[in-house]
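Some notes on the structure that comes next.
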Amino acid sequence: MNFTRWSARLPGTQRRAAARTDDLVTEDRLSEGAVPAARAEQLTVPVPAVDELPVREVLDRVPALVALVHGPDHRLAYVNDAYVVAFGLRPTGEPARQALPELAEIGLLPLLDQVLRSGKPRTVKSRKAPDGRSYTFTCTPVTQGDGGGSGVLVFATDVTDHAEAAERLRASERRQRETAVTLQRSLLPQELEEPDDLRIAATYHPGGTEAAVGGDWYDVITLGGGRTALVIGDVMGRGVRAAAVMGQLRTAVRAYARLDLPPHEILQLLDGLAMEIDANQIATCVYAIHDPNEGKLVYASAGHLPILVRDESGVVLRADEPTGPPLGTGGWMHASGSIPLGPGSTAVLYTDGLVERRNEDLDEGIAALERALAGATGTPQVICDRLVRSAGVTAEHDDDVAVMVLQHPAHTGPDSELFRNAALELLGGVEAAPRARAFASGVLTSWRFPVELHDLGVLAVSELVANSLQHGTPPMRLRLRRTDRRLIVEVTDGDDHLPRRRRAEAVDESGRGIAIVATIASNWGSRRTPGGGKAVWCEFVLPQG
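Position one of the sequence shown corresponds to residue 50 (this note's numbering), numbered consecutively onward.
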């Protein structure tokens, strides 16, 4: 094969017939300018043109790998010394599939076909060859003169160092992301608390780009007396810092929840804490309380997305105002609202990653979620997974997603016997106490409680009612509630002074009632009720089986 005829046709190589004469500078022209005569003598030495360089000798010495193939079978015409050092001697005249098996192994032969057909160069970056090193391959079409056919020049540059550096960078980014994800997941509840009257499922999907883990969180907190607090929030920002702030806020929410305050007061406390944690960091949050006796969610929102509730008939409701600004902004008085959540209803709390898209209005995303919720049935976990799929959330999703689904099941059949309520208005004076004891004894007997639990329940009723009659004001009410797990006794009155457990001295005539209740009950507590007044409650865990 005439290699000179091939090299003359390499793209980018142009013959300049006048180059040799243009490179000769005459003394007459030099004398007209400011170039010294000695310099002019040096410039009169002819400089060889590129076309006159021995191409094969140049290609043999370049450190890059060079191979030349021709024809539709890509028969090997030439390989340079660097190619031989990398892959050994290669037989010329053979098709590339046999002569250059390393190119077939890295999938380069289809690219040679494409270059030969299109007549355009192609490049593939950082392919790992059988010798363990990485190369960037550039395939350039060449044409032999005088109708000799076409071929492809393969030029491979060793980029092993760059490829290894890029892989180290990717590995570092993966470790950072794994650290952020591990931190985020460790700060979320490992297992959700299980209230008696709610069925709850939640999921968290980290963002899929770099360390895109953010500050999304959720929590379920049993408050006692049958009440449950539900929380979902989103700290603005990404990475470990956002996750750390989220962890502090979640811990604070659990601590404040034990005070059993109304939702808006919880958000007021969180707002001040968020400013102390980081004045430059803000967060959205919804804090809601479910009381099965009231059949609704009482909630407060700090700049968060509205709660969605599907009622028993399948109609989806969107929680209305009030909604205050995000946590950490300060200077705002939050307010509580409510949305019905009766038996058979399903509610969804979520973060913006589920409904917000760059090319869509936020209301469109919420409306799509409403439609998905309207058609979603099954357990909370099934609904949760279906909502995530309907929103198109994948591993490459660019934002965190947190979703919590809760159901208030309608108890029918045998279950209805396990969930019972009874209430008595406490009217009159001291005669209300024996009437309350008789009422409690009759109710607990009808519920077929064992004798020991029956007696403890009547004793707790007696002490709580006596405490309310002595220290409270009308209206007074006794409520008994049983679930499949516990017996709850609650007494409400019109005085907002909360009782506390204290040690009564031997000469004291009062102060032992709460201490007795705390001793015999599994748990007890008190809270202020809306509109003034308080509720004091205790609960007993039912024997299993």
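By construction, the Cβ of each residue, glycine as well, lies at the ideal position given by its N, Cα and C atoms. Note that the structure is a prediction, hence the values are computed from the model and not measured.
Within the DSSP secondary-structure output, residue 348 pairs in a beta bridge with 337 and 386.
Among the bridge pairs identified by DSSP, residue 149 is matched with none. Residue 429 places its beta carbon 7 Å or farther from that of residue 281.
Residue 382 sits exposed, since fewer than 16 C-beta atoms from the chains shown fall within 10 Å of its C-beta. Annotation: residue 208 is outside any alpha helix (DSSP H) and is labelled neither H nor E by DSSP. Residue 546 has no beta-bridge partner at all, per DSSP.
When C-alpha distances from residue 114 are compared across 122, 102 and 139, the shortest belongs to 139. The Cβ atoms of residue 205 and residue 184 sit closer than 7 Å to each other.
Between the segment 321-330 and the segment 286-294, the count of C-beta pairs closer than 8 Å reaches three or more; the two stretches touch. Here residue 589 carries a strand assignment [DSSP, helix/strand/coil]. Residue 169 and residue 144 have their C-alpha atoms some 21 Å from each other. Under the DSSP assignment, residue 264 falls in the beta strand (DSSP E) whose first and last residues are 264-273. Contact check for residue 309 against residue 272 passes: the beta carbons are separated by less than 7 Å. Your pair residue 473 and residue 508 does not check out as a contact, with CB atoms roughly 17 Å apart and the cut at 8 Å. Only exposed fits residue 580, as fewer than 16 other CB atoms lie within 10 angstroms of its CB.
Straight-line spacing of the CA atoms in residue 243 and residue 340 works out to 14 Å.
Counting only runs that start and end inside the segment 412-443, the alpha helix (DSSP H) elements of at least 4 residues fall at 429-439. By the neighbour-count definition (other C-beta atoms within 10 Å, threshold 16), residue 443 is an exposed residue. Around the beta carbon of residue 583, 16 or more other beta carbons lie within 10 angstroms, which makes this residue buried. Contact between the segment 400-417 and the segment 370-382 is absent: fewer than three C-beta pairs spanning the two stretches fall below 8 Å. The Cβ atoms of residue 322 and residue 336 do not sit closer than 7 Å to each other. Separation of residue 586 and residue 437 (C-alpha to C-alpha, rounded to the nearest whole angstrom) is 39 Å. Shown here for residue 482: same chain residues with a beta carbon closer than 8 Å to its own, the five before and five after excluded, namely 511, 514, 515 and 518 in chain order. For residue 574, DSSP records a beta bridge to 586.
Its chain contains 493, 536, 589, 591 and 592 as the residues whose beta carbon lies nearer than 8 Å to that of residue 502, once the 5 sequence neighbours on both sides are disregarded; these appear in chain order. Under DSSP, residue 539 shares a beta bridge with 528 and 586.
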